[in-house]
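Using numbering that gives the first Met the number 0, you'd call the opening residue of the sequence shown number 0 and step up by one each time. Here the structure comes first, spelled out in structure tokens, and everything after it is commentary.
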Amino acid sequence: MGNIGPFQKPYNKRQYWDCRPIYRSHNLPKTALVSFPGSGNTWLRHMIQQVTGIATGSVYNDSSIYNQGFPAEGVHDDTVILIKTHEWGEKEKGRYQKAVILIRDPFDALRAEFNRQHRGHLGHASYFDYKQCKYKIRMIVPIIIKRLSFPDWRNFIHENAGLWNIIYLDWLKFKGPIQVIHFEKLRNDPAYEIQKLLTFLVVPYTKSDMSCMMKNRDGRFRRNFIQILQPFQRFSYYMKMSIKAYKLNITKEIGLLTRN
């Protein structure tokens, strides 16, 4: 492919890769990887890095991500193949030439983000997290310099369900090329969905690349799935009604996009 390479020095530390060393390229089209938090963007980034050997970037700089296989975390220029963002608005959209929009069912995405805020990338929120506010205090003795409050489940849904809707409504109006990926389809058939994405990105791959990616597809940030939810973990009737309305709204927008 003409716009990939010559490659910069690869990240050769073995813990960063399973299939091939990860490089940063140059002159790649700036492509946003857009999602609501908790939608599987880290997993998608991992698979793309495995199959292409090209680093993915982010508008954020999460040290826990950087140290676990994402050496271009915090990079958001034309040297990375995808740039993770949860932001929206004309200014943000104007930074990119293409957009990959990763959509997960809002019920699952909201729960995943609630878990991440309280217990990190791999943990599950506790009964205490669901039921009352929790305070995290960072101190430089003897002065408290920062205090962050994390909302309980009810307040979290009230504040974030609408945000799920806003992010996708905005990005589905992106004026450049768009590729919509549904997390559920990605989970059920990752090889097929990744092949579609690579076609959109105009990146070549071999059967060997795809085979290696499939063998190493899980990565380091897959939270164990809970089969049976406890009563305190469930969505109330009013939560369900509002989330279903947002979900229908986005489904209609995607339908309009595919018809145009």
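Positions of the beta carbon are idealized from the N, C-alpha and C atoms, including for glycine. Everything numeric in this text was worked out from a predicted model, so none of it was measured.
Given a length threshold of 4 residues, each whole run of the alpha helix (DSSP H) inside the stretch 17-65 is given here in chain order: 40-51, 62-65. Within the stretch 181-212, no complete beta strand (DSSP E) segment of 3 residues or longer occurs. Listed as beta-bridge partners of alanine 98 by DSSP are Ala31, Ile177. Around the Cβ of glycine 52, a 10 Å sphere holds 16 or more other Cβ atoms; the residue is buried.
Within the same chain, and ignoring the five residues on either side of asparagine 60 in sequence, the residues whose Cβ sits closer than 7 Å to its Cβ are Glu72, Gly73. For the pair aspartate 17 and serine 235, the Cα-to-Cα distance works out to about 42 Å. Between the stretch 77-84 and the stretch 31-43 there are three or more C-beta pairs closer than 8 Å, enough to call the two in contact. When rounded, the separation of the alpha-carbon atoms in alanine 98 and proline 176 is 6 Å. If you check the CB distance, leucine 101 and isoleucine 180 come in under 9 Å. Your pair arginine 103 and phenylalanine 182 checks out as a contact, with CB atoms roughly 4 Å apart and the cut at 8 Å. Within the DSSP bridge table, the entry for lysine 83 names Leu32, Ser57 as partners. Between glutamine 49 and asparagine 215, the beta carbon gap of about 6 Å places them in contact (Cβ cut-off 8 Å).
Residues of the same chain with a CB within less than 8 Å of the CB of methionine 213, apart from the 5 flanking positions on each side, are Pro189, Ala190 in chain order.
Shown here for aspartate 77: same chain residues with a beta carbon closer than 7 Å to its own, the five before and five after excluded, namely His25, Asn26, Leu27, Lys29 in chain order.
By the CB criterion at 9 Å, glutamine 178 and leucine 196 fall inside the cutoff. Sixteen is the threshold: when 16 or more other Cβ atoms of the shown chains lie within 10 Å of the Cβ of serine 38, as they do, the residue is buried.
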